[in-house]
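Chemist: Before we start, here is the structure in question, set down as C-alpha cells.
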Amino acid sequence: MTKNKGITYTVISCLAIVSMVIGLFVYSTVAEKELTNDQYKLLKFYQLNTKRDLNTFSLFENDKPFTEANFEGKWDLVFLGFASCPDMCPMTMQKMAKTAQMLSQKEGLIEKINFVMISIDPDRDSPERVNEYAKAFNKEFKGVSGNIKDIYQISLNLTLPFTPVIDSKNTDYDMDHSMNLALIDPSGKYHGFFKTPYTPEMMAEALESVIKFSN
121 MTKNKGITYT VISCLAIVSM VIGLFVYSTV AEKELTNDQY KLLKFYQLNT KRDLNTFSLF
181 ENDKPFTEAN FEGKWDLVFL GFASCPDMCP MTMQKMAKTA QMLSQKEGLI EKINFVMISI
241 DPDRDSPERV NEYAKAFNKE FKGVSGNIKD IYQISLNLTL PFTPVIDSKN TDYDMDHSMN
301 LALIDPSGKY HGFFKTPYTP EMMAEALESV IKFSN
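Start counting the sequence shown at 121; every next residue gets the next number (this note's numbering).
Encoded structure:
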C-alpha cells in the first residue's frame, strides 16, 4: 500500500505540474499584450521615443478658452484641417468618426479619449463654425480655432505642417496641410502620430493597445 500511495502521489504531482505548465502556456497565448513597435508601424502608428511637451497656446472651443491644459486627463487624437476643405478633411473626419464608433464598442475605451479638430483657417473658421463642423461627424468631437500664431505653433509642436493663408482677397481658396493625426497622452505630451494612409480599423486597433497599456 505504501508503494502504491507513493506512485499515486507521484502521478498526481506530475499531473499538477503538467496542468500548471499548460495553464501558463494558454494564459501567455490568450492574454492581451501591448502591440510591438513593428506591429504599431504596420498600423501606421509611430510612437515618439521621447514624449514631447507642448508649448503654451490659447485658442477657443466655441466661447470657452482652449489651452494646452485641455489636453490633460485623457488621450487626444488631433487633426489639423479646415471646414471649407472639399475632400480630404471630411474624409479624415469620417475616418475619425468610424474609429470612435469602433472604440465605443469596447468597454472602457471611448471615455478615455477625445477627438479634436483644430482649424488651420481662422480667417474663415470661427471657433463656433469649426466646432459645429466637428460635431457634425460625432457629437462628442471638439472643434477649436483662434489666432493663426498659436495654431501655427501647435502645428510645429505636433509636426503637422501647413501653409497659412492670411487676409486673402479670394475667399474660395484651398490649403496645403498634413493629413497625419497626432496623439497626445493624458499628461498633455505629444505621444505619437498616425501617418497617412490609415484606416479606421488600423487606428482603432492601435489606439486600443495604446490606451490599455501605455503609462
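A virtual CB, placed ideally from N, CA and C, is assigned to each residue, including glycine.
Determine the extent of the beta strand (DSSP E) in which M237 is found, giving its start and end residues.
Modeler: Here the beta strand (DSSP E) through M237 covers I233 to S239.
Chemist: So, is M237 buried or exposed, given that buried needs 16 or more other C-beta atoms within 10 angstroms?
Modeler: It counts as buried.
Chemist: Going along the chain, which residues of its own chain have a beta-carbon closer than 7 angstroms to the beta-carbon of I142, five neighbours each way excluded?
Modeler: Residue confidence is low: I142 scores 46 on pLDDT, short of 50, so the model does not pin down where it sits. No coordinate-derived value is stated.
Chemist: When the Cα of M208 is compared with those of N300, S265, N182 and N234, which residue comes out closest?
Modeler: Minimum Cα distance to M208 is reached at N300.
Chemist: In whole angstroms, what separates the C-alpha of I230 from that of Q159?
Modeler: Rounded to the nearest angstrom, the two C-alpha atoms are 22 angstroms apart.
Chemist: Short check: CB of S329 to CB of E154, under 8 angstroms?
Modeler: Against a cut-off of 8 angstroms, the Cβ pair of E154 and S329 comes out as a contact.
Chemist: Run through the DSSP bridge pairs and tell me what R172 is partnered with.
Modeler: DSSP output for R172 lists Y310 as bridge partner(s).
Chemist: Pop quiz: H311 and K194 are said to be a contact at Cβ under 8 angstroms. What is the actual Cβ separation, rounded to whole angstroms?
Modeler: About 12 angstroms; that fails the 8 angstroms criterion.
Chemist: On the DSSP bridge list, what partners appear for P185?
Modeler: Its beta-bridge partners are F180.
Chemist: Taking 8 angstroms as the threshold (C-beta atoms), are L280 and L174 in contact?
Modeler: No, Cβ-Cβ distance for L174 and L280 is not below 8 angstroms.
Chemist: Applying the 10 Å Cβ sphere with the 16-neighbour rule, what's the burial state of T219?
Modeler: So T219 ends up on the buried side.
Chemist: Kindly indicate which residue of N251, T283, R244 and D270 has the alpha-carbon position closest to the one of K289.
Modeler: Of the candidates N251, T283, R244 and D270, the one whose C-alpha sits nearest the C-alpha of K289 is R244.
Chemist: In terms of DSSP beta bridges, what is E256 paired with?
Modeler: In the sequence as displayed, the identity of residue 256 is Ala instead of Glu. Note: A256 sits in no beta bridge, so no partner.
Chemist: Verify whether the separation of the beta carbon atoms of F313 and Y166 is less than 8 angstroms.
Modeler: Contact: yes.
Chemist: Determine the contact status of I336 and P284, defining contact as a CB-CB distance below 8 angstroms.
Modeler: Because the chain is modelled from 121 through 335, residue 336 falls outside the range shown and cannot be assessed.
Chemist: Taking the Cβ atom as the reference point for each residue, do M216 and F235 lie within a distance shorter than 8 angstroms?
Modeler: Going by C-beta atoms, M216 is nearer than 8 angstroms to F235.
Chemist: Of the residues T316, Y272 and F261, which one's Cα is nearest the Cα of D196?
Modeler: Answer by Cα proximity: F261.
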